Amino acid sequence: MPPLVVGAVLVFWGWQTGVPVVGVAMAAALEARTLIASRWELTRSDFNRASDLSAVLLVLMGIYQAIANDSSRAVTGIIQWLPLIVFPLIATQLYSAAGRVEVAVFFWSQRTRPGPTPAVDLAPAYFGLCLLAASTANARTTFYAGLVCLSAVALWRVRGRRGVLAWGAALVVAIALGWVGHVWLAAGQRELERRAQAFFLNWIRRGDLDPYRSTTALGDLGELKLYDTIVMRIEPGADTRMPMRLRQASYNVYHGPAWLAVDAPFRRVQPEADGATWLLRRDSDPAGRVTIAAYLARGRGLLALPGGATRLDELMVVGLSQNRLRGVRVEEGLGLVTYTAHFPPGGSDESPPNDADLRIPVLDAGLLDDVVRGLGLRGRAPADIVSAVHAHFRGPFRYSRYLPGARPGRSALEDFLLTRRTGHCEYFATATVLLLRAAGVPARYTVGYAAHEWSSVERRWIVRARDAHAWAVAWVDGAWTEVDTTPPDWIDAEAGAESMWRWLGDVWEWAKFGVARWRWSEREDRLTGSLGWLLIPLSAILVWRLWARRRIGRARAAAPAAVGVPGRGDDSEFYAVERRLSELGFARPPADPLPRWLDAVREAPRPDVATAALPSLLALHYRYRFDPDGLTDAERGRLRAEAERWLAAHASVPASPPAGAP
């Protein structure tokens with residue numbers, strides 16, 4: 070690689086990924102080799118240690134990314150930090166006398182193999198790795214411009230002998246094709262995603278709650294699959310009673326099997342002067358308080374709140390909005406948010422009812438009218454109707470996670486109310502809302518979570534994904550009242566289905582929460598700062614290890630005899646070959662190790678200078694110098710004979726190339 074290119078690509082990587090300090094520090098550490106007059110005699114064991122250190126960094130980064138991110142983002146995160154992970158190995162190569170890394174270093178099975186193995190130069194691969202890592206930032210135009218410039222500099226040295234114009238034209242064509250290909254691929258990806266989303270929309274249930282639509286599982290066949298993943302952690306105030314329900318969204322129109330939020334657009338909520346306090350209502354005096362830590366997918370989503378929440382404190386987000394059904398949505402925030410919700414004892418504070426809150430499906434109107442008449446709900450007070458409906462579902466109805474599917478000729482709602490009388494919370498909540506409406510009481514369908522589990526390990530209340538719940542709210546005596554008709558033993562039924570390995574999953578979830586809280590704290594980027602400081606001791610260890618080794622004085626064109634240090638191999642005939650090549654116009658640059666210099670000699674040959682035998686001579690020379698086993702007598706004789714043969718063949722070659730030579 071040309072001088073300073075590796076350093077430049079590291080600076081570019083740091084700039085693109087938002088860690089410029091780390092990138093500059095790594096670049097300075099590697100490019101400082103051009104100012105140091107020494108290279109170090111490093112054995113295979115030294116390279117093994119550097120490779121092992123990189124492997125440890127890779128494992129640690131993989132664990133961190135698995136805890137802090139979902140699977141897709143974890144892979145991207147690992148790729149983004151690969152330049153730092155591989156840094157110990159590339160630094161060891163660049164500061165070594167060999168200037169290359171034996172392939173055996175990467176395979177445990179090959180490390181004990183006697184004798185040298187093929188060696189490779191990691192610098193070009195590291196250059197490409199840095200560009201790949203920089204691309205994860207998705208900076209688009211700036212990345213492509215940097216990619217073009219750095220690639221052009223790197224390719225200049227290997228442009229061949231066809232001329233600058235041909236090389237430049239080929240580069241321009243490659244740049245144009247790359248840009249057009251990128252645009253076409255991006256357009257194709259968007260179209261593929263659009264078609265895939267449309268195809269699967271009716272087959273899967275979205276993990277992120279939709280504030281305008283809630284698709285129930287009424288009529289589905291099979292077992293309702295819920296998970297033990299911890300999604301929230303709760304710390305109630307001194308006067309707050311637990312357990313409690315946390316609401317995310319309410320819906321007012323049923324279009325089986327989905328509930329919809331109609332005429333409920335979201336409107337922005339402006340923060341107070343501190344930027345972290347958000348007033349949802351200004352006409353109430355909150356008495357309850359609860360602090361909630363919740364994950365947000367991609368930094369967006371609906372907040373889980375107690376009914377009637379009036380104020381949110383310490384919520385660090387960019388944008389917040391709410392609708393008249395009191396759904397509160399984060400427009401842009403962090404992956405983990407912590408906020409304190411204040412709420413009055415009265416419960417829900419949604420907007421007053423309208424015609425939509427009394428609407429029932431035409432297909433189910435007859436069924437609902439029969440049930441209302443059978444329960445004698447007509448003409449009664451709203452509070453009495455709510456009590457009667459509540460008592461009705463406390464009778465022969467029971468909770469079940471298993472979904473049997475509706476019988477032929479019957480709707481799922483009819484099968485639930487008249488025959489099976491078994492279902493999960495979505496059945497009970499939907500039936501309750503529709504029965505209340507049929508009896509003349511405005512009602513809405515509400516979804517959220519039931520917070521009921523105390524964790525003795527974390528010393529706080531926790532909410533799992535399987536605690537997702539649905540219930541009704543009814544307009545009684547001028548206010549909305551929560552009506553939960555799901556049998557109370559549903560919590561025990563869910564807990565009874567938990568895995569025996571749940572405790573292990575809880576430990577993992579606790580670790581994830583700790584890392585997420587550390588990562589998403591509202592201070593500076595903790596990962597960036599920590600890795601920057603981590604680089605200092607790692608670099609210090611590397612430098613100490615290098616200085617503990619015997620150094621090799623770098624070659625000087627004016628004094629080629631300075632190559633080598635006193636010790637074994639001082640009498641190698643390869644030194645005479647190197648001196649002769651220097652006399653023929655191939656002086657080795659001070660910072661170039663022998664293998665790289667020899668590659669340059671072979672890439673620009675003179676017709677009267679033979680280079681075919683030089684690689685084998687260098688291999689014997691290195692073994693003579695650095696291999697603990699040295700050379701056999703036969704190999705020592707071959708080194709001497711081949712070197713003398715090459716010197717004899719080039720004794721009369723002029724220092725300048727013959728006229729007409731390239």
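Under the numbering used here, the first residue of the sequence shown is numbered 70, with each subsequent residue one higher. Just so you know, even glycine gets a beta-carbon here, dropped at the ideal spot from N, CA and C. Given the structure is predicted, the values throughout are model-derived calculations rather than measurements.
Query	Result
Cα-Cα, which of Asp115, Leu127, Phe81, Phe156 is closest to Leu99?	Phe156
How long is the line joining the alpha carbons of Arg535 and Gly517, rounded to whole angstroms?	11 Å
Can you pull the DSSP bridge partners for Gly237?	According to DSSP, which records beta bridges pairwise, Gly237 is partnered with nothing at all.
Express the C-alpha separation of Trp587 and Glu593 in angstroms, rounding to a whole number.	Confidence at Glu593 is low in this model, with a pLDDT of 42, below 50, so its placement is unreliable and the value that follows should be read with caution. In a straight line, the C-alpha of Glu593 is about 11 Å away from that of Trp587.
Check each candidate in Thr103, Leu129, Val722 and name the one with the smallest Cα separation from Pro658.	Thr103
From the DSSP output, in three-state form, read off Asp639 for me.	coil
Could you check the C-alpha separation between Tyr732 and Ser204 for me, to the nearest Å?	Because the chain in this structure spans residues 70 to 731, residue 732 falls outside the shown range and cannot be described.
Using a threshold of 7 Å, is the CB atom of Leu79 nearer than that to any non-hydrogen atom of the ligand COA?	Among the ligands in the structure shown, none appear at all, so the ligand COA cannot be discussed.
Which residues does DSSP pair with Gly306 in a beta bridge?	Beta-bridge pairing links Gly306 to no other residue.
Kindly give me the distance between the Cβ atoms of Ser641 and Arg694, rounded to whole angstroms, as I take these residues to be in contact under 8 Å.	7 Å
Considering Cα atoms alone, identify which of Gly131, Phe582, Asp426 is closest to Val331.	Asp426
Rank Ala548, Pro422, Leu403, Ala97 by C-alpha distance to the C-alpha of Ala585 and give the top, closest one.	Leu403
Hey, out of Val125, Phe116, Met130, Arg180, whose CA is closest to Ala166's CA?	Phe116
So who's on the other strand from Tyr323, going by DSSP bridges?	Trp328
Buried or exposed: Arg336, going by 16 or more other Cβ atoms within 10 Å of its Cβ?	exposed
Helix, strand or coil for Ser480 per DSSP?	coil
Tell me which same chain residues have a C-beta within less than 8 Å of the C-beta of Arg463, skipping the five on either side of it?	Thr554, Pro556
Let me confirm a value: Leu686 is counted as buried when at least 16 other C-beta atoms fall within 10 Å, else exposed. Which label applies?	buried
Starting from Tyr496, follow the alpha helix (DSSP H) in both directions and report where the run begins and ends.	494-507
Rounding to the nearest angstrom, what Cα-Cα distance links Gly368 and Ser390 in this structure?	14 Å
May I have the straight-line CA-CA distance separating Arg529 from Tyr320, to the nearest angstrom?	31 Å
So His538 packs on Arg314, CB below 8 Å; how close in whole Å?	7 Å
Please state the DSSP three-state secondary structure of Leu487.	helix
Pick from Leu503, Leu122, Val545: whose alpha carbon is nearest that of Asp433?	Leu503
From the DSSP output, in three-state form, read off His411 for me.	strand
Under the rule that 16 or more other beta-carbon atoms within 10 Å means buried, what is Ala101, buried or exposed?	exposed
As a quick exercise: from Leu689, Glu711, Ala712, pick the residue whose alpha carbon is nearest that of Thr701.	Leu689
Contact defined as beta carbons within less than 8 Å: I believe Leu482 pairs with Leu444. What is the distance between those atoms, to the nearest angstrom?	That belief does not hold up - the Cβ atoms of Leu482 and Leu444 are roughly 16 Å apart, past 8 Å.
Please state whether the Cβ-Cβ distance between Val545 and Arg428 is less than 8 Å.	no
With a CB to CB cut of under 6 Å and the five nearest residues on each side skipped, what residues in its chain are close to Asp809?	No information on residue 809 is available, as it lies outside the stretch 70 to 731 that the chain covers here.
Measure the CB-CB distance between Ile303 and Val359 and report whether it falls below 8 Å.	yes
Here's the rule: buried if 16 or more other CB atoms are within 10 angstroms of the residue's CB, otherwise exposed. What is Glu578?	buried
Assuming contact is defined by CB atoms lying nearer than 8 Å, are Val510 and Val455 in contact in what I supplied?	yes
Can you list, in chain order, the residues of its chain whose CB lies under 7 Å from that of Phe175, leaving out five sequence neighbours each side?	Ser120
In the DSSP assignment, what residue or residues form a beta bridge with Tyr364?	Leu405
To which residues of the same chain is Arg649 closer than 7 Å at the C-beta, ignoring the five residues directly before and after it?	Leu716, His719
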